[in-house]
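Every letter in the sequence shown is one number past the one before it in this note's numbering, and letter 28, counting from 1, is 28. As structure tokens, the structure follows; a few thoughts come after it.
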Amino acid sequence: MFNQPLLFLLLLLIIGLIAKNNSLLIAIVVLLLLKLGGLETKTFSFIQSKGINWGVTVITIAVLAPIASGEIGFKDLTSAFKSPLAWVALISGMAVALLAKGGVSLLQNDPHITTALVLGTILSVSIFKGVAVGPLIGAGIAYTAMKIIDFFS
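What follows is the structure in structure tokens.
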């Protein structure tokens with residue numbers, strides 16, 4: 001009898017190699033090592049429950065690093081509000097954060113949707129040379145679309 005989760009991860013590993021998606025490759029290798037090391041029962045549910053928060057924390061640290069290093073200061077902040085493009089960026093940042101909030105909710109309530117989101121991300125990266133920003137924003141967009149569909153149904 002074959003091990004379906006292992007086969008699925010190996011298939012994703014092949015796709016990740018073809019797409020040259022380092023984030024996906026690292027994630028799969030870590031999961032494979034945990035699985036093959038017999039640590040899956042202790043770690044997978046913990047990672048699933050805490051992983052999104054860890055990821056958001058790491059991204060937040062990366063976004064705030066230029067402020068901490070002094071590359072971005074109050075002068076940059078005040079001058080940014082003088083530019084129409086900065087206002088577009090501000091509104092876009094707010095919209096993405098709100099979409100991601102819905103994405104967290106969707107992934108927590110319907111984790112099976114992650115499969116479709118990951119597949120969509122992999123296809124976009126491999127076929128269209130897209131950038132993998134992770135399933136969180138995809139889930140947020142899906143959540144918003146589902147709410148719109150529910151509203152009109």
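C-beta: ideal position from N, C-alpha, C; glycine also. Computed from a predicted model, the values in this text were never measured in an experiment.
- For alanine 142, the number of other beta carbons within 10 angstroms of its own is at least 16, and it is reported as buried.
- The beta carbons of glycine 140 and leucine 99 sit closer together than 8 Å.
- Excluding sequence positions up to five before and after serine 105, its CB lies within less than 7 Å of the CB of Tyr143, all in the same chain and listed in chain order.
- C-alpha of valine 125 to C-alpha of phenylalanine 8: approximately 19 Å in a straight line.
- If you check the CB distance, isoleucine 28 and glycine 16 come in under 8 Å.
- Your pair isoleucine 137 and glycine 93 does not check out as a contact, with CB atoms roughly 12 Å apart and the cut at 8 Å.
- Secondary structure at phenylalanine 128: helix, using DSSP grouped into helix, strand and coil.
- Between the region 115 to 129 and the region 19 to 27 there are three or more inter-stretch CB-CB distances shorter than 8 Å, so the stretches are counted as touching.
- In terms of Cβ geometry, isoleucine 52 and leucine 107 form a close pair [threshold 8 Å].
- A Cβ-Cβ separation of about 13 Å leaves proline 66 out of contact with isoleucine 59 under the 8 Å criterion.
- Only buried fits leucine 117, as 16 or more other CB atoms lie within 10 angstroms of its CB.
- Leaving aside the five residues that flank glutamate 40 on each side, the residues in its chain whose CB is nearer than 6 Å to its CB run, in chain order, Leu34.
- With fewer than 16 neighbouring CB atoms inside 10 Å of its own CB, leucine 11 falls in the exposed class.
- Alanine 80 is a Cβ neighbour of alanine 86, given a cutoff of 8 Å.
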